[in-house]
Structure formats: structure tokens, C-alpha cells
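First residue of the sequence shown? That's 1 in full-length UniProt numbering, and the numbers climb one at a time after it.
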Amino acid sequence: MIWYLLYPLRGTTEAPVLSASHPLRRVLTRYGRHASRYAITTLLISVAVASFLIYPLPFIYTSHVINGASTLPRHVWTAAQPLPYDSTASPDIVMRSIWVHSSYMQALSHDILLSALDLQDELLGDTRDFGPSRSFGLLPPPSDSESPLTPAQRDALHIVNGLTNQSWIFHSPLLYWNCSRERILADDDILATVNARKNHTTPANITLRHSIVFSGKRFEDRRLLAADALVITLLYRTDSPVGRQWEAVAPSLPLKVGDKWDIYPPSGHVSASQLYEFQFRPMSVQDSIILALAYTLSLLYFLQQVSKVRAVKSKLGLIVTVMTQIIMSIAASFTICGVFQIDLSRIPRAAYPLVILSMSLEHILRLMDAVVRTPSGESTSSRIGSAFGETAPTALVSTVQNFLILLGLSYVVTPSVSAFCIFAAIAIVLDFLFLSSFFISVLSVDVRRMELGDALAKEAMRRKRKARRVRENPSWVKRMLEGKIALSTRIAGTIVMISFIIIAQSHFFGGGDISQRLAHLYNGQDLEPNVSSPEASPLEDIHQARTPTSWLRLQDHDAAREIIRLIKPSAYSYIARVYEPLVFVKKGSNRVPMMKEPALLPAIYDFAHHQLRTFVFIDIVVVALLRLLISYLLPEDETKAEELQDSSDQSSLSVKTLSGGHTLDIAMLAYSPRGYAISVGLDRMIRLWDLNHRNKGFTISNLDREIVVKFPVLAVAMDEDSDWLAILSSDMVIFWNVITHVHGSSVAVETYNQRPEAFFLEPTASSDVPRAVIVWKDGTAVDVEPASGVTRKSTICPGLTCARPLLSKGESAIFGKHPMVCLVATSRNGDVHIMERDGLSWERRNLLSRRLASDEIHQVVALSPLSYFLASSKTHVHLINLDDGNTVWTFSIEEMRPRSLTCAFTCHRSPNALPLGLISFTFSYLALVSGDCVLHTFSPQDDDDAISLQSVNDVGASSGWCSWADAKERKKHIGNPGVWSILSDGSALGLRRRPRTEPRSRHRHHPQAMSGMRNRMASTQSQEFGAFSCWELWRAASSDWEEVDETVPLFGSDEDAGQLIVCDLGPSVRVGPTSVAFAYGNIIKLATLSGHKPFETGIDEVSRESPMNVPARRRKMGTTARSGPLS
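Structure (C-alpha cells):
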């Protein structure tokens, strides 16, 4: 709600998302990560705290009238509240009372009871053995209203003999002894009698509760120990002669008993009064319907949101967890309110869970959604920590906002609703605390046990491959009910909370009371303008343990119900004019409190005295049983392994070293999809590495002396099946079988020692050995047939600047044909040429003549196996359809360094394999001005959609595709990138040099460190001064989820120094969906994402070109590894 109020300042109603570097988000993320990492400990602590707060609940609440305990809410609205002085309501009954005091908290003594009996008899007449039913119909009331009443006449008017306008009743503690002096004197244990007869009823069938006949009570073990005042109360109808007699006799008491009592007021005449309304209103049908509808909508909304989290195997378990958290929050809040004597019995109990339910679901669903959106390959603690860090700031602000709203409303509503506001404020704070501990720990355990990470990844693929649902344009109301706009989630809880408080207020004062109170508050007036604020009261000197006003508000709803049943049988409330009590204080009494009255509920002290040991024992048993249950669900060895390994404090990157293959620098790298890498070194060695088996390599150039590879080697390439390797030397193309380690044919070609622009192997239907294709910078292409040794030369375009092969597996794959092979090339004049294989020659398919961009197209990137490619200029990247040459979309970018574009994407394929769409699309480049690596990531707005590679109109309005214009774009900068590659998930993995931290003067004392190429073997001194420690691997996620962004050292502290020292890096190449190989001197560093299979077949959704990922002295081009001639 606060974001809507800040809309004029912020210009948006969306809640702000803190950046990953924000201190608050970092703290919350770190907490969530550690709470998830040590999920069992967090869970046990949260359950221990919950049991600590919930266990005392039965001991401090009761549904019966038990002394020293709070009363549980029922199904009724109850209240005892004053009405404004200008109220025109007519009272149904008049209430007068006397309070009899002795020394402080010593009213329960024989002499005080007997003195109170004398005062009662003075006011009402003789009440000994009071039994008004005996006078039924015997004596009519006298005709002279001024004449005194006889006991029989008085009793005949008692309400037990029939309700009339002259009826009366009275409450007195002396009724415990039936107002008999002899019984009081004969009672040896006053306290035992009072406690034993606490449920004693009067002749009018009204229970003589301690709260009615005593004021200022002290309890222990739910037994009354002491009372500060005896309260004798007369309730009468406005025409009752008994009331008039009380009014007439009271002023005469100071003369009669003034020598024994101090009387307040001294005249004995009480004129100050206040109208009070007492309610006992059962829930109406309308109330029940509203609450039932609210609970039903909340439950349906929750079930609908849970149904979307398809990766959760145990949805029932999730629902039980959520309900358990809400129940714990509500029960703990009841305990806290009971401890601090906050009366919650005024509002029906069915209303209490509603407000907490509406606000708690908001935070829980947001957290679950954030967990689902985190990368499924990350560790459990990292995912939950990041999700909590993302959602907790908004939840925290929402909690504080609602807490302040409730705190403010508690000052402007009636006391009954004010107690509910305090309860709700406590509950939402506890709910956030339990969300931060109990829920995330249970979620973490469930993720571990159910393997939610794998399930999420599989569910994402399953959801994307399902048949596309019909796309509609839903109304605003429907989107709100589905939770797709902010209103339904961010302010729904606040709206429900405020709405219910207004409805509750209307049950007591009417809907206009809040507005009136707010108006008074705004004008600086008292919130109770019509209620008198008494001046310094003379009663302050007698230190009453409880004031008359607080005593009146303490009366429970059962007393109100019994009185309503007598005076207004068909009503749910009555209005009483309550006069200030006539107070009698025994002369010579010591009214100074001897001890401070306890601030907390008496039942709490009883609980501490008698239940503490049991409570501690049960708390330990609960925690122990929960620990055993977790041990059963999550075995101990697995738990320990998770706590040791599942932590984002550990790196998500694993680094392997491939060494021993070269003695000098590696100048060239190439790879195949099945986990093979080829390296060519300055030592004239060609090495084939089987990356599926670490350090398993073969030296190709020395296997067969009959075939001598003549250096320099200009390029190497492997086919898609990793069966054949082609080596382009200075005078021939040599074919070598990777499976059998036997060389194939050799075909002579003229190279002039020039590097080709492209070199790749093309599958053929006529031979098992693929055809080699060489594209030269002069714009010609040479086909090399290994079987016949024939070479064919074709012209692509003059002034060629870039050429890339594109193997499209779209429509042809449906009919079992070979992939369609095309060449996409650019020329110096800005044209883009698309050449297609037609038999044994290349035929021009399309010519895009200078119409793509205002500046020159300098690079193309093939999106194999899709029939699309990217063409980049300085400030734009164009997505082009290979079939018709049309531009599908143009991306605006920062000014790009030429030929630095690389791309990754994830495909969606419908059941019939057409049309094709993208689940995610990422490309990166090197910014010309800043030198940063820039990542652009595009994803559909809706999780169930996919970005259409065709026009949305072409695939049909009912297909559910997302257009490029509607796709979400995220952009990220990585400073000092060095060299990098894009992985299959769209993240970037690179290697760079850290800024030098040691002073240059240190190196001047060590000539070996400056000796350059002549002596570059690592030494102890070179390692000491950071020759290897200055290099680091970095990973940057393509999404805004920056918890996976990290850096790790390239070399471990205990790694042997057997490699060369380099000033610059060699080539790098991506060697699997999640792995990149970096050439560092004479070794290869293979970096792989932890927890992923490094090599998988059948995955080809990452562009294979990143020409800028090599140093200036040595460049790598796409699938072909290219460098300068090796002499």
C-alpha cells in the first residue's frame, strides 16, 4: 500500500527491487543462505520458540470463568463502552454501587464484611437470608412513593418476581453467606468460602463472579488471595422505588457512619454518571456469510497459486506447512496478548485468523515464486538465500507498514477493536519471524528430500513443451484474481485488514465513528471529546488497586448476557446509566501499597511456579521428536553432507588442469560436442584431449611417421559426431579418425600460409567421411573431398570480411534428411550473402544488400540448428531468417567492438516440431567505450509462453507466443572481462587478470620476473609475487539473480608450479553446455559449473563464435581454431 501512496514521488506503484549489492539485501540473503544451509538447526530453534509461546496457551486462557485467566473469544460481539454525553439514548437500567475498603488489599476480613453488611442494610433494608421469591404476589407496592419500603415490599419488586418498570436486582459479595451475619461470623476461612462459591448464583440466576463483587483482586493458582474492595451494586429500572430509596438514604450515611468511615464524596450524594452500552451480540447471518466468503476466497486463491508450483511434489505438505505457520503465529499472539492482559474476548473468534491469513499468504507465495525463478542448477542454500534476499525487503516493509497502520488505528477505534488491532500487529510480526525461520527451513528440507532442484528444471522443460494454451486478453478483474497484477498481492492483505476493522467498528459505534475520531485527531482535539476527563480525583489518595472505570470494562460478556436475558430478553444489548461509586474507607486503614502489583496476568505466575519444569521437559521432547522425524526423512549422513557442501560460500565452479601435452604455448584450440578438444602448440605438437576422461590425451602429429604434418597449422576442425578431425596445414588437409586413432586421406591444397576465414566439416550422404570446406578471405570457398581427393573452388563474394557455416536442422529433421548447410558471409561494402549447398556447389540464396544498418555489418553469428542468424553492426544486432532473408527483430546495443558478438539460447519445440520458439535468448559483446562485457537476456513475460521466432500474427493469435516487443530484457555489465564464453544457461564464464596489488618496486629486485619469454617456468619467487595468483575465473548470470556471480582463483594455493608464466592468455573455447577450456601457456584450464554434467550430446543451442575471446596476438574463430602461422 505504501507504494501506491508514494506514486506521485516515484511514478510507479511497483515495489522497488533492491540490487544484489544493497546492504539490506546482502544481509537478508546471507541470513537466508545460512538458515537454509543449517535448515535442521533453524527448524528446531523455530519449533522450540513456537512451543515456548504456544504451550502456556491453555493455562492462561479459559472458556469458563476462572480467576486470574483470560477469556477466550467466542462467537459473539461483546462490549462495555461509554456513550458520549450528548447521546440521546434512554437507559434501560440504572447502576449504583458502593465500594468498601479497608487497608490495602485487606477487604476480605470478618469486620469489613460485617461493616459492609451494615451499609448494605442501610441502603436496601434488611437483606438477611435474602429470598425475594418468597414475596411473590404477597404485597403490592405502596401507593405512596415517598414512604419507605418494607423488606417484603422491596422483595416483591425484585426482578425474579416479574419484569416491570420498577424491577431491581443487586450484586453483593455478602450473598456468598446469604447476607447472614451469623454465617459470616461462623466462617473460619473466608478465602476458602469465596473461592468455593465463585460460581454461586443470586436469586435472579446471575453468577456472582469475583470480577463483579470484588475490585483489585490478587490471585495465585487461580484462587483469590486478596481483594482491595467489596463492591455492592444495585441495578434498577428507572421507576423503581428501590432505586429512589438508595438515592434518598445515601446522603444520610455520612451522619450515621461518618465516625467509622471516610466517605467519598463526603456528602454521600453521587451525581456524576455516564451512559454505558453493554453488548452480547451473536454473529449475524450476514457476518457469517462475509467471513465464510472471505475464507473461501483466500483458500481458493492459495490453492490456485499452489497449483502453479508444479515442481513441488508434495503440495499437501506445502499446504500443511503454510497452515502450521499461520496457526503458530495466531496461537503465539494469543499467548502474548494474554500475558499482557489484552482482552480479546470482545470480537468473534472466527475473525482472528482471517487478517493473518490474508497477509501471510502474500509473503509465502512471493517467496515460493522467487525460489522457483532462481536457477535450478544452483545449490539449495543459494537459491533459498537469494529468493529470501529478494522478497524479504518487500515483506519487511509490508510488515512494518501494516504494523504502523494497526498501531495507529488502535488509538482511533473502540477499546474492543483496539485490542484486535494490537493482536493483529503482534501476529504479523510473529508471522514474518516464522516465515524467516520455520518456513524457509521446512522448504529447504523439502527441497533436499524431494530433489526440488531437478524437478524444477524438468518441470520447466515439460511446461514449455506442452501444447500452447489459448491466448486471451483477460480483463483487469481476472488478472487481479489470478495474482498477475500488483493489487492482488501487495495490498490485498492491507485492504482486508482495514476493511475488517471498519466492519468491527461499525458493530460497536457505527461506521462514522472512525472518521469522526480522525477528524478530531487532525484538529488537535482529544480523541474522546464527549467523555469527561475528571480533574484530580480525591480517590487518588486512597490508592485504589483498580479504578471504577477499569473495573467496569473488566466485566465479562457472560455477566452482560445474564443481565440482558433478564431486562431485555429479546435484545442483544442494553444501555445503563452508571453512577460513580460511593466509596467507604475504614478509618485508620493503611492505604499505601505494601508491594507492587504484578504487571502480567496472574495465570502467568501460576504457570511459572507450577508448570515450568513440565514445560521445559515437553519442549525438549517436542524438539527431540522433531529431530527424529527429520532424521527419518533426511538421513544423517546426507544431512551432514548437505551442510558441508550445499553452501554458496563454496564456489560453483570447478577447475581442472590438463597438463603434460605441450612444452610451449598452446596457440590453437578447437572442440567437439562430445567432449573432445584439440590443441596445437608452438612446440609443433597436436594434441587430442578426451575431456570425458581427465588427462586422457593423444598426440596426433607423432602417431604415423608416413604422414608428416607440415607446420604451420592454419586451422583444425571436427565434425558434429566427433568421429573425424581435419587438420589444415600449410600444404594439405589431413583427415584423422578420432575413434580408431588412424589417419585417413590427405588432400593437397594451396594455402599461401594464409589463415582461412572459416574451416569446417560438412556431412555428406555419399561418404562416411565428411567433406572439408575452406573459406578464404578473398571470397572463395574450396570443397575438399577426402574420398576422391578432389578440390572444388567456388566464389562466395568479393571483399569477404566474415563467413560462418549454418547447419539448419529445422524442417529437414522432421523428414529424416541431413541438415541443410548454408554459408553466411559479409563483405566490405556491407552486404550479407547467404549461400546454400546445392549438390556439389554453392548457390546464392539471398543477398541482403546494405539494407540492414546504416553502418557496416562486421560479423555474423549462426544460430545452429535454427534457420536464423545474427548480423551485427556497431550499434545494432539483427536477427535474420535464413529462409527469406527478412529481419525478424533488431536489437539496439551499445557501441560494440567489431567481431565480439556471441550468443546462447534455449529452444522451445512444440509437439509437431514446428513452429520454433525461444525460452531464453542471450547475447554478449565487448563495449567499445567502456571495455565491459555486456550481456543482453530476453525471456517471455509469462512463464508458460515462449518467444516466437516468427511474427506472432503468423503463428496465430491463439498460440500463446510472446513477441520480441513484449519480451523482458535484462542487461548486465561485467568490467575487466578478459576472455569469456557464453554457457548454455546464458551465463558468461571468463578468465581475466586481477589488478596488480603489489608495488612495482618489489619486482625490480627480481630480474627473473622480468626475463620474459626466455625463462618463464614458475619459481617460488614468481609465485610469491603473484605470477599465477593474479589470474581469476569469473562467472556472471544472465539474469538479475546475482548470487551466482562469483570469482575464483585460476590456480589453487597447493597447485604445482609446472606451467609457464604468461603475460597474456591464449585461446579459449566452450567445450560443453557448462564448460569452457582456457589455454594458459602450455596447459589447459577446464572450468565447469559444479553439479552439472560437463558434456552432453544433442545440445547445440549456443553460438560457437567468440572471436574476441583471444588476445590480440592470437585469435580464435568459431568452431575453427585459428592463429597465426606456427613456424
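Backbone N, C-alpha and C fix where the C-beta goes; we use that ideal spot for every residue, glycine too.
Q: Return the Cβ separation of P91 and T238 in integer angstroms, given the expectation that the two are a contact with Cβ distance under 8 Å.
A: 7 Å
Q) Which same chain residues, not among the five before or five after A424, have their C-beta less than 6 Å away from its C-beta? A) V355, L406
Q. Under a Cβ-count criterion, where at least 16 other Cβ atoms within 10 Å of its own Cβ denotes burial, should S1038 be classed as buried or exposed?
A. buried
Q. S573 bridges to which residues according to DSSP?
A. Q279
Q: Identify the continuous beta strand (DSSP E) that holds C1030 and give its terminal residues.
A: No beta strand (DSSP E) contains C1030, which DSSP labels as neither H nor E.
(Q) Relative to the C-alpha of T71, which candidate in A226, H110, L344, Y55 has its C-alpha closest? (A) L344
Q) What are the partner residues of Y868, as DSSP defines its beta bridges? A) N881
**Q.** M594 burial status per 10 Å Cβ neighbour count (16 or more: buried)
**A.** exposed
Q | Ranges of the beta strand (DSSP E) found wholly within the region 815 to 839, counting only runs of at least 3 | A | 820 to 827, 832 to 838
Q. What does DSSP give as the partner residues of M105 in its beta bridges?
A. BP columns for M105 are empty, so no partner.
(Q) Taking 8 Å as the threshold (C-beta atoms), are E1032 and R992 in contact? (A) yes
**Q.** D966 versus I289: straight-line alpha-carbon distance, rounded
**A.** 42 Å
Q) What number of angstroms, rounded off, separates the C-alpha of T547 from the C-alpha of L149? A) 32 Å
Q) Below 8 Å between beta carbons: does that hold for F280 and R577? A) no
Q.
Classify K1085: buried if its beta carbon has 16 or more other beta carbons within 10 angstroms, exposed otherwise.
A. buried
Q) Pairing CB atoms from the region 32 to 44 with CB atoms from the region 406 to 419, are three or more of them under 8 Å? A) no
Q.
Measuring only the C-alpha atoms, how far is P282 from A571?
A. 11 Å
Q. Mind checking residue 1146: buried by the 16 CB within 10 Å criterion, or exposed?
A. With the chain covering only 1 through 1127, there is no way to say anything about residue 1146.
Q: Return yes when the Cβ of Q859 is within less than 8 Å of the Cβ of residue 1128, no when it is not.
A: No statement about residue 1128 is possible, as the shown extent of the chain runs from 1 to 1127 and does not include it.
(Q) I'd like to check one pair, A116 with L230: are the Cβ atoms closer than 8 Å? (A) yes
Q) Within 10 angstroms of its Cβ, does Y632 collect 16 or more other Cβ (buried), or is it exposed? A) exposed
**Q.** Length of the line joining the Cα atoms of M323 and G216
**A.** 40 Å
Q) Does the separation of the CB atoms of F59 and A599 fall below 8 Å? A) no
**Q.** DSSP bridge partner residues for C933 (one or two, in chain order)
**A.** L926, I974
**Q.** Those residues which DSSP pairs with D558 across a bridge
**A.** BP columns for D558 are empty, so no partner.
Q.
Per DSSP, what are the beta-bridge partners of N737 in this structure?
A. W724, V742
Q: Express the C-alpha separation of T906 and M1010 in angstroms, rounding to a whole number.
A: Confidence is the limiting factor: at M1010 the pLDDT is only 33, short of 50, which leaves the residue's position unreliable, though a coordinate-based value still follows. Each residue's Cα considered, the two are about 47 Å apart.
**Q.** Enclosing alpha helix (DSSP H) for Y31 [first to last residue]
**A.** 23 to 37
Q: With DSSP as the reference, label R844 as helix, strand or coil.
A: strand
(Q) Measuring straight from C-alpha to C-alpha, what distance separates C933 and V1071? (A) 21 Å
Q. Under a three-way DSSP split, which group does H610 fall into?
A. helix
**Q.** CB contact flag (S167, L175, <8 Å)
**A.** no
Q. In this structure, does DSSP put I169 in helix, strand or coil?
A. strand
(Q) Along the chain, where does the beta strand (DSSP E) containing R992 start, and where does it finish? (A) 988 to 993
Q) Considering only residues of the same chain and omitting the five flanking positions on each side of P254, which have a CB-CB separation below 8 Å? A) I263, P266, S267, G268
Q. Sorted by chain position, which residues of the same chain lie with C-beta nearer than 6 Å to R349's C-beta, five sequence neighbours on each side aside?
A. P73
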